[in-house]
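Enquirer:
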Amino acid sequence: MNMKEGHKERTGFTVPSGHYEFKKLPFGLANSPSKFQRPIDAVLKYLIGKECWVYMDYVVVFSKNGAKHERLL
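Going by the working numbering, the residue at position 56 of the sequence shown is 311; the numbering climbs one at a time, nothing skipped.
#1: Using only the alpha-carbon positions, how far apart do Thr266 and Leu299 sit?
#2: Does DSSP put Phe268 in a helix, a strand or coil?
#3: Under 8 Å between the Cβ atoms of Pro294 and Met311?
#4: Can we count Arg293 as close to the ligand NAP, meaning its CB is less than 7 Å from some heavy atom?
#5: Looking only at its own chain, which residues have a Cβ that is under 8 Å from the Cβ of Val315, when we skip the five neighbours before and after it?
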């Protein structure tokens, strides 16, 4: 499945041999964001909105102090 031109830059990564971007969705998954989001939402359902937020492939953990933050991670 081809990606829109403006979305290719979001898949970019850099290694010692150069910078690369995918032309097609990696791994052949047409709905890969939702395939990741659904299980992560299920696993973290009691923490979302209280101690973390989940967006696409990011899990943002927040807390009031370093000790609690380390425990949450």
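Virtual Cβ for every residue (Gly too), placed ideally from N, Cα, C.
Expert: With the structure as the only source:
#1: 25 Å
#2: strand
#3: no
#4: What this structure holds is no ligand at all, so the ligand NAP is not there to describe.
#5: Cys307, Trp308, Val309
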